[in-house]
Amino acid sequence: MSPIAVIDFETTGISPGMGDRATEVAIVMLEGGQVVDRYQSLMNAGVRVNSFITQLTGITNEMLQAAPPADQVMREAARFVGGRPMVAHNASFDKKFWQDELSRCGQDASHPFACTVLLSRRLYPQAPNHQLGTLAAYHHLPSTGRAHRALADAETAAYLLAQMQHDLQARHGCGRVDHALLMGLQRVSRHAVGAFLRQRAASPVLESGL
DNA sequence: TGCCAGGCCCTCTTTAGGGCCTT
94 MSPIAVIDFE
104 TTGISPGMGD
114 RATEVAIVML
124 EGGQVVDRYQ
134 SLMNAGVRVN
144 SFITQLTGIT
154 NEMLQAAPPA
164 DQVMREAARF
174 VGGRPMVAHN
184 ASFDKKFWQD
194 ELSRCGQDAS
204 HPFACTVLLS
214 RRLYPQAPNH
224 QLGTLAAYHH
234 LPSTGRAHRA
244 LADAETAAYL
254 LAQMQHDLQA
264 RHGCGRVDHA
274 LLMGLQRVSR
284 HAVGAFLRQR
294 AASPVLESGL
């Protein structure tokens with residue numbers, strides 16, 4: 094199965110449109126249910142983090158001052174991802190920062206994003222909630238380190254995605270759980286999930302996205 | 001002057017409102 098790039102950003106806030114910038118990025122490659130490669134770096138975008146962000150993430154202004162420039166890090170990140178499809182937990186958030194940071198250094202950011210929050214809402218409606226930490230505990234995912242650091246959260250999201258791929262195959266009979274299937278699943282309404290999965294299980298040709 | 005994300009989803013809905021999820 095083709096690799097999928099699972100990404101997580103730490104940032105100064107929630108909106109690049111309001112001037113927020115990325116402070117750390119991590120990307121893990123998931124292939125065949127296994128993490129096969131990793132990229133992680135703090136980045137110096139010339140901005141400061143407030144005490145709330147430092148308390149949440151453990152990332153300090155001293156750490157950012159010593160970090161490589163943001164444009165250098167983002168070029169490396171883009172090279173690492175290449176043309177692979179991407180996944181993030183609450184992808185609308187990470188996609189905004191991916192596009193904003195890459196546009197600042199003239200890089201293409203047209204990668205398709207699948208979202209583990211949308212997928213979790215469809216596959217695990219019985220979960221207490223769909224926060225990353227809650228889902229990690231709910232599925233007994235491997236411990237990855239401090240939450241709210243980019244690499245730990247990206248690895249947790251990757252393990253969550255691997256769990257989803259496993260469940261789609263084992264419980265729903267989907268043969269090949271590729272990125273195209275994930276994009277299709279997250280687009281259907283909650284009420285249409287069962288019909289969508291039955292159709293995919295019965296039509297393996299469609300699963301390749303062809 | 002005051003306010004300031006935004007896409008998704010549910011419901012006491014659809015000419016709307018509010019919660020979730022990310023930092």
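The opening residue of the first sequence carries number 94 in our numbering; numbering runs sequentially from there. From the three backbone atoms N, C-alpha and C, an ideal C-beta is built for every residue, glycine too.
Query, Result
"Contact belief for Ala-255 with Asp-101 at Cβ below 8 Å, rounded distance in angstroms", "Actually they are not in contact, since the Cβ atoms of Ala-255 and Asp-101 sit about 15 Å apart, beyond 8 Å."
"Leu-211 in three-state terms, based on DSSP", "helix"
"Collapsed DSSP secondary structure at Arg-257 in the structure displayed", "For the sequence presented, residue 257 should be read as Met rather than Arg. Correct three-state label for Met-257: helix."
"Closest residue to Pro-96 among Ser-296, Val-121, Asp-201, Thr-153 (Cα-Cα distance)", "Val-121"
"Chain-order list of residues whose beta-carbon lies under 6 Å from that of His-241 (same chain, five-residue window excluded)", "Leu-149, Thr-150"
"Identified DSSP bridge partners for Val-179", "Residue 179 is actually Met in this sequence, not Val. DSSP output for Met-179 lists Ala-98, Phe-206 as bridge partner(s)."
"Test item: CB-CB of Pro-235 and His-204 under 8 Å", "no"
"Distance between Met-276 and Ala-98 (C-alpha atoms, nearest Å)", "14 Å"
"Span of the alpha helix (DSSP H) around Arg-291", "286-295"
"Whole-Å CB distance - His-182 paired with Val-210, under 8 Å assumed", "6 Å"
"Cross-strand partners of Ala-115 (DSSP beta bridge)", "Thr-104"
"Phe-190, buried or exposed, once every other Cβ within 10 Å from all chains shown has been counted against 16", "buried"
"Between the CA atoms of Leu-261 and Glu-300 - distance to the nearest angstrom", "Confidence at Glu-300 is low in this model, with a pLDDT of 41, below 50, so its placement is unreliable and the value that follows should be read with caution. Distance between the alpha carbons of Glu-300 and Leu-261 is about 12 Å."
"Separation of Ala-243 from Ala-220, as counted between CA atoms", "24 Å"
"Secondary structure of Tyr-132, DSSP reduced to three states", "strand"
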